[in-house]
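S.K.: Handing you a structure now.
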Amino acid sequence: MSGGNTVRPGDGRVRWNAGKSLWFGLVSLVAVVGAVPTFTLSAFALFAVSTALTLCAGHSVGIHRGLIHRSYRVPVWLEYVLTYLGVLVGLDGPRALVRMHNTRDFQQNEPWCHDYFAHRQPPWRDYFWNLHCSFEFAQPFEPRLDARVEADAFYGFLQRTWMLQQLPWAVLFLALGGLPWLVWGIFVRVAVSTTGHWFVGWVAHRQGYRGWHNEGAAVQGFNSLLLGALSMGEGWHNNHHTFPRSARLGIRWWELDLGWGFLALLRALGLATDILVPGEQSRAHHARPLPSEDPCMSPLPLGEG
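The sequence shown begins at 0 in numbering that gives the first Met the number 0 and counts up by one.
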């Protein structure tokens with residue numbers, strides 16, 4: 000709370016969420032305890048392939064660039080497939096992910112932002128807050144919703160059953176590869192994916208290089224050379240804060256963006272259309288270039304990409 004009796008729009012408190020904490024805690028516990036004893040090359044290969052597929056095609060392309068930012072169009076059946084893969088990451092259901100992302104974006108672009116949304120706290124606390132807690136606003140706050148996502152029956156089903164969606168794959172992996180496939184294909188994958196998602200967000204809002212500044216925003220995004228490449232493009236966060244509706248997050252030649260590569264493949268196959276790239280149409284209205292002689296810091300001229 001601020002001084003006196005004044006309540007700012009973003010004021011509130013962080014509260015422990017028993018359901019979230021139980022989910023992420025148990026998954027991580029099984030992963031930590033079981034990873035080494037059950038390690039096999041085939042189990043690790045399953046982990047690597049399934050993690051890349053669900054994070055890249057599912058979360059980064061399907062949910063983040065597609066469902067949340069509507070930066071491209073695909074047939075409805077393919078949108079469902081990509082969203083389903085994103086749900087398998089284990090973060091939450093599609094409706095909750097859209098709401099949380101829009102809440103976080105709104106709060107970060109306000110002149111003041113609570114540490115819960117700004118990632119200002121030390122890593123141990125920020126991790127606990129974001130994966131084991133929820134934020135309770137001091138006054139009612141309603142995020143921008145996607146009417147089609149809210150009304151869609153399939154997305155409603157995924158929202159109600161997002162934890163249970165791991166179960167069919169757990170049974171399949173156990174039948175095909177025994178305990179190693181179960182532990183690495185479900186528990187290690189979900190633990191690494193969800194913890195990694197938090198870690199990329201924590202780093203990308205704290206350090207890295209920038210070519211743009213969002214005027215009036217309490218929180219800025221940064222580009223991370225290492226995490227940008229490892230996170231399917233999600234670590235190029237200054238680019239994303241500048242061009243939030245762009246389907247391409249890695250802009251410069253060295254900014255590896257596997258999510259963009261996957262979208263380019265869909266476009267080549269005729270499955271993805273109306274793809275937005277960095278430019279005036281996708282740029283945040285309050286984004287301004289930062290003058291610098293460092294080529295890593297200089298902004299990309301609008302219209303390229």
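We put the CB at the ideal spot given by N, CA and C, even for glycine.
Using three-state DSSP, classify W15 as helix, strand or coil.
M.R.: To locate residue 15, count along the sequence shown from 1; it is residue 16. If DSSP states are grouped into helix, strand and coil, W15 belongs with the strands.
S.K.: Helix or strand or just coil, what does DSSP make of E78?
M.R.: If you number the sequence shown from 1, residue 78 lands on position 79. Residue state, collapsed to three classes: helix.
S.K.: Please determine if the region 213 to 220 and the region 51 to 61 are in contact, where contact requires at least 3 C-beta pairs separated by less than 8 Å.
M.R.: No, because fewer than three Cβ pairs between the region 213 to 220 and the region 51 to 61 fall closer than 8 Å, the two stretches do not touch.
S.K.: Closest to S20 by C-alpha separation, out of T39, H68, T194 and Q120, would be which residue?
M.R.: Looking up residue 20 in the sequence shown gives position 21. Comparing Cα-Cα distances from S20 to each of T39, H68, T194 and Q120, the minimum goes to T194.
S.K.: From what residue to what residue does the beta strand (DSSP E) around W211 run?
M.R.: Counting from 1 along the sequence shown, the entry for residue 211 is found at position 212. First-last of the beta strand (DSSP E) with W211: W211 to N213.
S.K.: Roughly how many angstroms separate the alpha carbons of R7 and N213, rounded to a whole number?
M.R.: Taking the first residue of the sequence shown as position 1, residue 7 is located at position 8. Taking the first residue of the sequence shown as position 1, residue 213 is located at position 214. Near 21 Å, if we compare the C-alpha coordinates of N213 and R7.
S.K.: In whole angstroms, what separates the C-alpha of L84 from that of L166?
M.R.: For the purposes of this step, residue 84 is identified with residue 85 of the sequence shown, where counting begins at 1. For the purposes of this step, residue 166 is identified with residue 167 of the sequence shown, where counting begins at 1. Going by the C-alpha atoms only, they are around 14 Å apart.
S.K.: Of all the alpha helix (DSSP H) runs that stay within the bounds of the region 111 to 184, which reach a length of 4 or more residues?
M.R.: For the region 111 to 184, whole alpha helix (DSSP H) runs of length 4 or above, ordered along the chain, are 114 to 117, 122 to 131, 146 to 150, 152 to 160 and 165 to 181.
S.K.: Let me know the beta strand (DSSP E) ranges lying completely inside the region 227 to 299, each 3 residues or longer, listed in chain order.
M.R.: As far as the region 227 to 299 is concerned, its whole beta strand (DSSP E) runs of at least 3 residues are 286 to 288.
S.K.: What do you reckon, are the CB atoms on W168 and V86 nearer than 9 Å?
M.R.: One-based indexing of the sequence shown puts residue 168 at position 169. One-based indexing of the sequence shown puts residue 86 at position 87. No, these two residues do not count as a Cβ contact at 9 Å.
S.K.: Go ahead and pull the three-state DSSP assignment for Y71.
M.R.: By one-based count along the sequence shown, residue 71 stands at place 72. Residue state, collapsed to three classes: coil.
S.K.: Just reading off the alpha helix (DSSP H) that Q107 is part of, what are its end residues?
M.R.: Position 108 of the sequence shown holds residue 107. That run of the alpha helix (DSSP H) goes P93 to Q107.
S.K.: Let me make sure I understand the geometry here. Which of I62, A286, H113 and G9 has the alpha-carbon closest to that of A95?
M.R.: In the sequence shown, counting from the first residue as 1, residue 95 sits at position 96. The shortest C-alpha separation from A95 is found at I62.
S.K.: Can you tell me where the alpha helix (DSSP H) with R188 in it begins and where it stops?
M.R.: Residue mapping note: residue 188 aligns to position 189 of the sequence shown, counting from 1. Looking at the DSSP string, the run of the alpha helix (DSSP H) that includes R188 is R188 to A203.
S.K.: Is it buried or exposed for Y287, if we count other Cβ within 10 angstroms and need 16 for buried?
M.R.: Here residue 287 is taken as the residue at index 288 of the sequence shown, counted from 1. What sits at residue 287 in the sequence shown is Arg, not Tyr. Result: exposed.
S.K.: What does a CB cutoff of less than 7 Å around L178 pick up in its chain, not counting 5 residues either side in sequence?
M.R.: In the sequence shown, counting from the first residue as 1, residue 178 sits at position 179. Cβ within range, chain order: T37.
S.K.: Mind checking which residues open and close the alpha helix (DSSP H) that includes F43?
M.R.: In the sequence shown, the residue the question calls residue 43 occupies position 44. Counting along the chain, the alpha helix (DSSP H) containing F43 begins and ends at L40 to A51.
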